[in-house]
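Asks: Sequential numbering of the sequence shown, starting at 6, is according to my numbering. The structure that follows is given in the form of structure tokens.
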Amino acid sequence: MDEKRVDCLDLLTFQDMLDKLRKIDDKILFELNTALPSESFSSNMDKGEKCRSIYKELLTMRVKRMNLIQHCVDENQTNISRLRKEKSPIADIRSAQNTLRVIRSEMDVESIVNDRSEKAVHDRCRTFL
6 MDEKRVDCLD LLTFQDMLDK LRKIDDKILF ELNTALPSES FSSNMDKGEK
56 CRSIYKELLT MRVKRMNLIQ HCVDENQTNI SRLRKEKSPI ADIRSAQNTL
106 RVIRSEMDVE SIVNDRSEKA VHDRCRTFL
């Protein structure tokens, strides 16, 4: 998944890519529960390695999502500047501004998603990280 290839001017395409990149965060509790069974079910597995692996994947996806969001913010700001320079209809400029506003709001959502995932990993893996 290359976040730089997303059409940032198309809000649905942007949101679809962001949803794909958030899959691990959405399923973090399931991932932790299957990777780290309770003491009665665990065998001689290396829970520390599992925790580090899951956490590393979370961090990788977090960076990809932030890169995607920032890339799309930049691209939309450039688009708005271009539309203004070309004296485009006000409806086109407003549409582009609304797209930019929605993309920027994803930064707040990202913060919430990250906090939730961090808490889940910390609760299950605090002794291993």
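For each residue, glycine too, the CB sits at the ideal point set by N, CA and C.
Measure the Cβ-Cβ separation of residue 69 and residue 134 and say whether it is below 8 Å.
Replies: no
Asks: Assuming residue 14 and residue 103 make a contact with CB atoms under 8 Å, what is their CB distance in whole Å?
Replies: Not really, about 12 Å apart at Cβ, beyond 8 Å.
Asks: Taking DSSP as the reference, what is the three-state secondary structure of residue 11?
Replies: In the three-state reduction of the DSSP assignment, residue 11 falls in the coil class, being assigned neither a helical nor a strand state.
Asks: Here's a check: name, in chain order, each residue in its chain whose Cβ is nearer than 7 Å to the Cβ of residue 21, leaving out the five neighbours to either side.
Replies: none
Asks: Would you say the beta carbon of residue 116 comes nearer than 7 Å to a heavy atom of the ligand ATP?
Replies: Inclusion of the ligand ATP in the displayed structure is not the case, the ligand content being empty and no account of it being possible.
Asks: Is residue 100 near residue 30, with beta carbons less than 8 Å apart?
Replies: No.
Asks: May I ask you to report which of helix, strand or coil DSSP gives residue 19?
Replies: Here residue 19 sits in helix by DSSP.
Asks: Tell me the rounded alpha-carbon separation between residue 62 and residue 87.
Replies: 37 Å
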